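Encoded as structure tokens, the structure appears first; notes follow it.
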Amino acid sequence: MESVTGIVNSPNFLYLAGFVLVAIVVLAWLSKKGFFSYNGKGLKVGRSENDARIMLMRQVDFVGAFILCKEQELMTDFHKAGMPPDEMHVKYVFEKMLDQVMYWLLVNNIRLDRQYVQAKANESRMTINAAIGEVNKRLLEMPQVQEIVERISVEYTEELLSGLVQIKIEEEKNAG
Numbered sequence: 000m001e002s003v004t005g006i007v008n009s010p011n012f013l014y015l016a017g018f019v020l021v022a023i024v025v026l027a028w029l030s031k032k033g034f035f036s037y038n039g040k041g042l043k044v045g046r047s048e049n050d051a052r053i054m055l056m057r058q059v060d061f062v063g064a065f066i067l068c069k070e071q072e073l074m075t076d077f078h079k080a081g082m083p084p085d086e087m088h089v090k091y092v093f094e095k096m097l098d099q100v101m102y103w104l105l106v107n108n109i110r111l112d113r114q115y116v117q118a119k120a121n122e123s124r125m126t127i128n129a130a131i132g133e134v135n136k137r138l139l140e141m142p143q144v145q146e147i148v149e150r151i152s153v154e155y156t157e158e159l160l161s162g163l164v165q166i167k168i169e170e171e172k173n174a175g
């Protein structure tokens, strides 16, 4: 206890405390500006905000391209099932899916464990059924439509989450 009291009462203590405070403020400012970064165990200082923004932008681009691709694939599936789809209705369903996936990205805890993927597939199924039901409830009663919805909600969700996790892994590797 005497040593702490001796240090605090020393004439150099205020200079030392001031120096340490100024050093912390300068380091915080430099890291915020992106002049340096530190990525240690449990501590990220520096460009992590920028890195997270870049990762999110890549994931959003991936989701947009994925949904456009799958939209065309779904149109083909409906034609094969003998049910020419209303193009605007299909776009509406995929817009609802896009909204849902954007929410997943904002929460940003995307992973590939079985329970998580299954939960997201169930969310997708409910979103798709709700979007279809808003436009034409009779479609929900058709077994062909339910087969397509099931495939979309399971396969597309797994494929989408896999791509998003891959982007996350690549960005974390590039950042660290």
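Note that numbering that gives the first Met the number 0 has the sequence shown beginning at 0, numbered continuously upward.
Note that CB positions come from ideal geometry on N, CA and C, so glycine has one too.
Just so it is clear, the structure is predicted and the values come from calculations on it, not from any experiment.
- Contiguous beta strand (DSSP E) elements confined to the segment 99-131 do not occur, taking only those with 3 or more residues.
- Q58 counts as buried, since no fewer than 16 other beta carbons sit within 10 angstroms of its beta carbon.
- Residue environment: P83 is assigned as exposed (fewer than 16 neighbouring CB atoms within 10 Å of its CB, all protein chains considered).
- Following the DSSP letters along the chain, one finds I147 inside the alpha helix (DSSP H) bounded by residues P142 to R150.
- Counting C-beta pairs closer than 8 Å gives three or more between the segment 140-155 and the segment 123-132, which meets the contact rule.
- Here S9 carries a coil assignment [DSSP, helix/strand/coil].
- By the Cβ neighbour-count rule, M56 is exposed, with fewer than 16 other Cβ atoms within 10 Å of its own.
- In terms of Cβ geometry, V62 and L111 do not form a close pair [threshold 8 Å].
- In the structure shown, N135 adopts coil according to DSSP, grouped into three states.
- Taking all protein chains in view, the Cβ of I168 is surrounded by fewer than 16 other Cβ atoms within 10 Å, so the residue is classified as exposed.
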